[in-house]
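**Student:** Okay, handing you the structure first.
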Amino acid sequence: MDLLPIAAVIVALDSGSLQIRLSNVAFRRLGLTTDPANCALTRDLGGALAAFLNGNSPREQRSWRTGDAVEQRWFDVTFARIDSDHSPRCLVTLVDQTRGMRTEASLRREMNTDSLTGLPNRAGFGDLLEARIATGLTNYAVLVIDLDRFGRVNSCLGSMAGDEMLITVARRIKGSLRAGDVLGRIGGDEFGVLLQTRGERAEADHAARRIQDVLATPIRLSDFEIRITCAIGMAFGAETTDDAEDVIRHAQFAVRRSKETGQAEAYDTRALDRARERFSMETALRRAIEAEQLRLHYQPICDLATGRIVAFEALARWTAEDGSEIAPADFIPVAEESGLIVPLGRWVVDQALRTLAAWDVRAGRPLDVQMAVNISPIQLQRDLIPPMVTAALASHGLAGSRLKLEITESALIADPDGNAEILRALKATGATIAMDDFGTGYSNLAYLQKLPIDTLKIDRSFVTDMMADRDKIAIVRAVLSLAAALGMATVAEGIESSAVAQTLSALGCTYGQGYHFSRPLTAAQAYELLSAPSN
Ligand code: C2E
Ligand code: CA
Ligand code: CA
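In structure tokens form, the structure reads like this:
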């Protein structure tokens, strides 16, 4: 039977001496012994009661935490004077709050625990780190481990397989750590490690390598062998801050760089400077889009057999306020990361079609030339491209067949089903689709066949110096025969010499683009080239 978690003791105070008699019965009700030697509470209570009686207040409430490490208990204790005429008396009430506190503690534990792996979650990991820092821990490293392509495992093999993979990963990482180190799951596919070090960077590097090693053995999930790779970011305690949240954030920050370099990376303050730079670029880019400070240049795409211009690719150009040219390779990623790619991308489509329509007007007829526009993967995810394209075509009075959309191979692979639908809707506008940077992703044949792609653009990394590299020639040859089998046209990018142009033509490539034909041009220069008699 449960004991009532309350005990009231009336203490009679003998007038002369302050003799406190605590009722054994009442205390036993609470499962406490009244032997002061054994019970911290009864001992402390005596002192507290004396202090209370010496003061003037008629009531006082206090909380006690008592017991040993095994049995912690909490009490709320109230002292109240209940003097009658002849005998001064005091009522001591003890309410046992242990159960409530335990529920709260287990609730907190639950809130701090990841239910899948049983590891501390983001909040729990942060609390643990904070607690260690509060007890004076200074030599430590926080590692953040970000699994690559986890989303694909989830979407291809299902979330059960994804869960299984996370559990295996957690077990393996745990196994690679030392006893005092702490592992947490701090995000969907992100783990955190608190490493106690002797202050040496090499120890953290070593731990990172161990983690990568234990993950390298493929994991068997349903019928697949999955090889796990990860990015690892590290931040060191007390080096830049002693705030737990900051240290975790710094390590997460370093993860981004690790993704770029492919090896474990430590946070350094220069990374922060780069972030600031990026941020200020974002602000400037936002302003540039609003103020229409961006321009388009147009690079011809030519028929390799005849040299005739069949299309222009619109390429964004940005001159910053200080007059410097910022390359698309630098600002497009910033636009993608910040979401600015949506307004920017809409502007590019509109502007490119406006230029094409103006050329038609100047020529007095619809020219036999297409406009190719790059569509970023982030645009595909965030914007409704088909209605945007339909509206832009209509507003410039152009047929859909005049527009070609270049989408990178990796973008199409990221979400095959969703993208197939978007591509079909785009095809319905009459536009044609080119797969850009082909050869740099992981397309398989079966998959390519399912998408309504008209053109493959062979990435310039295979083209520019292909004459000096047999492997590249072999790859180009393979891509060309693949495209022929699938009935797709081919464009080779990055042609810088006539030798490469001729070889490609001989290998059966239809179109080419590159400095050999022309660098990207202003709209006026492009029109001039287009209307030259040789074209
Ligand atoms: P991309 O789509 O592969 O565009 C072709 C890039 O190759 C252009 O660089 C072009 O100037 C360059 N190029 C052309 N011929 C040659 C050559 O013979 N040799 C060499 N080495 N390079 C050549 P650019 O203009 O710097 O653009 C870089 C990338 O930025 C583009 O690669 C594209 O992915 C992206 N980009 C540019 N404009 C836009 C845009 O309006 N929207 C989106 N989403 N991305 C854009
Ligand atoms: Ca392109
Ligand atoms: Ca390209």
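Residues in the sequence shown are numbered consecutively from 48, following our numbering. Ideal Cβ positions, reconstructed from N, Cα and C, are used throughout, including at glycine. Note that the structure is predicted; figures quoted are calculated from it, not measured.
(1) Excluding the five sequence neighbours on either side, which residues of its own chain have a C-beta within less than 8 Å of the C-beta of V523, listed in chain order?
(2) Using a threshold of 7 Å, is the CB atom of D512 nearer than that to any non-hydrogen atom of ligand 1?
(3) Comparing C-alpha positions only, which one of D415, R112, I454 sits nearest to N582?
(4) If you pair each beta-carbon of the region 300-309 with each one of the region 337-353, do three or more pairs fall below 8 Å?
(5) Leaving out five residues on either side along the sequence, give the residues of the same chain with a beta carbon under 7 Å from the beta carbon of G392.
(6) What I want to know is whether the C-beta of D484 ends up closer than 7 Å to one or more non-hydrogen atoms of ligand 3.
(7) Starting from E247, follow the alpha helix (DSSP H) in both directions and report where the run begins and ends.
(8) Could you tell me the distance, in whole angstroms, from the CA atom of A226 to the CA atom of I542?
(9) Going by the beta-carbon positions, is the gap between I266 and I258 smaller than 8 Å?
(10) Pick out the complete alpha helix (DSSP H) segments inside the region 176-245, 4 residues or longer, and give them in chain order.
(11) With C-beta atoms as the reference, is L498 less than 8 Å away from A530?
(12) To the nearest angstrom, report how far apart E151 and A255 are at their CA atoms.
(13) Under 7 Å Cβ to Cβ from L495, same chain only, skipping five residues before and after it: list those, please.
(14) Which whole runs of the beta strand (DSSP E) in the region 474-524 are 3 residues long or more, in chain order?
(15) I'd like the list of long-range same chain contacts for H563, defined as Cβ closer than 8 Å, with 5 residues on each side in sequence excluded.
(16) Spatial neighbours of E383 within its chain, please: CB distance less than 8 Å, with the 5 preceding and 5 following residues excluded, ordered by chain position.
(17) Do you know how far the Cα of A298 is from the Cα of R321?
(18) Can you tell me whether Q549 sits near ligand 1, meaning its C-beta is under 7 Å from at least one heavy atom of the ligand?
(19) Consult DSSP for Y314 and reduce its assignment to one of helix, strand or coil.
(20) Below 7 Å CB to CB, which residues in the same chain sit around R219 once its five sequence neighbours on both sides are set aside?
(21) Which complete beta strand (DSSP E) runs does the region 90-177 hold, if anything under 3 residues is left out?
(22) Assign I542 to one of three DSSP states: helix, strand, or coil.
(23) Going by C-alpha distance, which of A475, H133, A467, A178 is nearest A446?
(24) What residue range does the alpha helix (DSSP H) around M435 cover?
(25) What are the boundary residues of the beta strand (DSSP E) that T455 is part of?
(26) In chain order, what residues of the same chain lie with their CB nearer than 6 Å to the CB of A188, ignoring the 5 residues before and after it?
(27) In the DSSP assignment, the beta strand (DSSP E) including V416 goes from what residue to what residue?
(28) Would you identify the three-state DSSP class for Y574, choosing helix, strand or coil?
(29) Leaving out the 5 sequence neighbours to the left and right, which residues in its chain are closer than 8 Å to N186 when beta-carbon positions are compared?
(30) My guess is that A525 and Y558 are in contact by the Cβ rule of under 8 Å, so how many angstroms apart are they, rounded?
(31) Using only the alpha-carbon positions, how far apart do R449 and M435 sit?
(32) State buried or exposed for S223, treating a residue as buried only when at least 16 other CB atoms are found within 10 Å of its CB.
(33) Give the range of the alpha helix (DSSP H) segment to which E307 is assigned.
(34) Return the Cβ separation of I432 and L473 in integer angstroms, given the expectation that the two are a contact with Cβ distance under 8 Å.
(35) Which same chain residues, not among the five before or five after V302, have their C-beta less than 6 Å away from its C-beta?
(36) Of the residues R334, Q428, A579, which one's Cα is nearest the Cα of A367?
**Tutor:** In brief:
(1) I505, F509, V510, M513, A539, L551, L554, C556
(2) no
(3) D415
(4) no
(5) I422, S423, Q426, D430
(6) yes
(7) Careful: E247 lies outside any alpha helix (DSSP H) and carries neither H nor E.
(8) 58 Å
(9) no
(10) 197-204, 206-223
(11) no
(12) 36 Å
(13) L533
(14) 479-485, 502-505
(15) I542, E543, S544, S545, V547, A548
(16) S423, P424, I425
(17) 15 Å
(18) no
(19) coil
(20) V261, L262
(21) 106-114, 119-128, 136-143
(22) coil
(23) A475
(24) 432-442
(25) 450-455
(26) L242, T244, A251, M281, F283
(27) Where V416 is concerned, there is no enclosing beta strand (DSSP E), given that its DSSP letter is neither H nor E.
(28) helix
(29) Q243, T244, R245, G246, G284, A285
(30) Not a contact, Cβ separation roughly 18 Å.
(31) 15 Å
(32) buried
(33) 291-308
(34) 6 Å
(35) V191, D193, A278, G280
(36) R334
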